[in-house]
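Accompanying notes for the structure given below.
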Amino acid sequence: MDIEIILDPNLTPTQLAEIAVIAEQGGVRTLWHSNLYSSWDAFVALVPAAMATKRIKLGVLAVSPYEMHPLKISNAILSLNEIANGRAIIAIGGGGAVVSATSEAGVYLDPKKLRIVRGVREAVEIVKAAYSGELVKPYEGELFRITLPVRTDWAKAQPPLVYTCSDGPQMTRMGARVADGM
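Read left to right, the sequence shown gives residues 564 to 745 (my numbering).
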């Protein structure tokens with residue numbers, strides 16, 4: 564069955580684990596946890612679900628490279644993926660909610676200056692390079708540069724899937740080229 568569920572981000576990790584067990588028994592393919600700035604950290608919240616289940620995929624939706632550096636995104640998803648034995652998925656997006664929230668807090672991020680499509684593309688490239696071992700050499704993007712070697716040889720599970728969140732034609736075209744799904 565190809566059913567995927569996006570859960571309420573205000574559920575506790577214990578509640579998420581209980582739902583994950585029931586969803587897995589019902590044949591659901593993926594449970595997604597929204598990565599909102601005002602709720603549980605999505606990576607942490609999914610750990611009990613990862614430990615309580617064996618088959619269901621667990622996804623974090625949507626992480627922005629403007630709220631979390633791509634190296635930290637890589638570390639977080641690889642860590643969750645290890646705990647989940649290769650069942651983690653991440654969706655990387657431009658961070659519209661983050662841009663809105665920071666504006667409300669008095670910090671204005673100009674979406675045009677952020678170059679959102681480029682930032683998401685580079686974040687996807689960095690996450691994929693991290694799990695493939697390619698970050699032992701520098702990454703030279705236009706927005707993100709990584710000069711020191713990054714070793715992720717501790718990550719032994721099957722690599723996590725990396726999706727993009729697409730809300731326009733440019734993001735959709737880019738996601739189709741570089742991501743595992745959208």
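Ideal placement from N, C-alpha and C gives every residue a C-beta, glycine not left out.
Check	Outcome
Cβ pair Val623, Leu609 closer than 8 Å	yes
Proximity below 8 Å, CB of Leu641 to CB of Ala612	no
Residues near Lys790 in its chain [Cβ-Cβ closer than 7 Å; skip 5 each side]	The structure shown does not extend to residue 790, since the chain is modelled only from 564 through 745, so no value can be given for it.
Run of the alpha helix (DSSP H) containing Thr735, from where it starts to where it stops	732-741
Ser642 (DSSP reduced to helix, strand or coil)	helix
Uninterrupted alpha helix (DSSP H) stretches inside the segment 588-660 (no shorter than 4 residues)	605-608, 610-615, 633-646
Tyr529 versus Ala615, Asn573, Thr577, Gly589, residue with shortest Cα-Cα distance	A question about residue 529 goes unanswered here, because the residues of the chain that appear run from 564 up to 745.
Residue closest to Ala654, alpha-carbon to alpha-carbon, out of Ser597, Glu587, Gly589, Tyr694	Ser597
Under 8 Å between C-beta atoms of Gly744 and Leu724	yes
Where Glu705 sits in the DSSP three-state scheme	coil
Inter-residue Cα distance where the pair is Lys617 and Gln721	14 Å
Buried or exposed by the 16-neighbour rule on C-beta atoms within 10 Å, applied to Gly731	exposed
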